[in-house]
Amino acid sequence: MNKFIMVLALFAALSAPAWAATQTVTLSVPGMKCAACPITVKKALNKVEGVENIEVNLEKKEALVTFDDAKTTDEALLEATKNAGYPSTVHP
Numbered sequence: 001m002n003k004f005i006m007v008l009a010l011f012a013a014l015s016a017p018a019w020a021a022t023q024t025v026t027l028s029v030p031g032m033k034c035a036a037c038p039i040t041v042k043k044a045l046n047k048v049e050g051v052e053n054i055e056v057n058l059e060k061k062e063a064l065v066t067f068d069d070a071k072t073t074d075e076a077l078l079e080a081t082k083n084a085g086y087p088s089t090v091h092p
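Residue numbering for the sequence shown follows this note's numbering, beginning at 1 and increasing consecutively.
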């Protein structure tokens, strides 16, 4: 019985990264108006655990964010931009 539990625990530990998936979301950030805005948005999003890549486009007023969905959520990204003074929404 102990061996079975140890094998099961080992299997769960080794396969845990397989449960995580990389997600990409586009955030609409309408409050960005100057060259400093994308820098602020990017810094705020970089502080969210699990964020892997960020591309901010001032002209489109969007941020393309790639993240590990096992470590963060869309809601956490929205909260980060809001707390930086740039409320955002998920772009469909």
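Where a beta carbon is used, it is the ideal one built from N, C-alpha and C, also for glycine.
Residue i: first and last residue of the uninterrupted alpha helix (DSSP H) it sits in
| i | result |
| --- | --- |
| ALA84 | Looking at the DSSP string, ALA84 is not in any alpha helix (DSSP H), and its letter there is neither H nor E. |
| VAL48 | Premise fails: VAL48 is in no alpha helix (DSSP H) and is neither H nor E. |
Of the residues the options, the one placed nearest residue i, counting alpha carbons only
| i | options | result |
| --- | --- | --- |
| GLN23 | THR89, GLY50, ASN46, PRO38 | GLY50 |
Whole-Å CB distance - residue i paired with residue j, under 8 Å assumed
| i | j | result |
| --- | --- | --- |
| VAL48 | ALA84 | Contact flag wrong, Cβ pair sits at about 11 Å. |
| LEU77 | LEU27 | 6 Å |
| VAL56 | ASP74 | 17 Å between Cβ atoms; not a contact. |
| LEU45 | ALA21 | LEU45 to ALA21, Cβ: 19 Å. No contact. |
| GLU52 | ASP68 | 6 Å |
Beta-carbon proximity list for residue i, same chain, < 6 Å, skipping 5 on both sides
| i | result |
| --- | --- |
| TYR86 | VAL29, GLY31, VAL41 |
| LYS71 | GLU49, GLY50 |
DSSP bridge partner residues for residue i (one or two, in chain order)
| i | result |
| --- | --- |
| LEU64 | THR26, GLU55 |
| VAL90 | LEU27 |
Cβ-based neighbour list, residue i, same chain, cut-off 7 Å, excluding 5 preceding and 5 following
| i | result |
| --- | --- |
| PRO38 | MET32, VAL56, LEU58 |
| LYS61 | SER28, VAL29, PRO30, MET32 |
Spatial neighbours of residue i in its chain, beta-carbon cut-off 8 Å, leaving aside the 5 residues before and after
| i | result |
| --- | --- |
| ALA35 | LEU58 |
| LYS43 | ALA84 |
Minimum Cβ-Cβ distance from residue i to chain D less than 8 Å
| i | result |
| --- | --- |
| ALA63 | Note that chain D does not occur in the displayed structure, where there is just one protein chain. |
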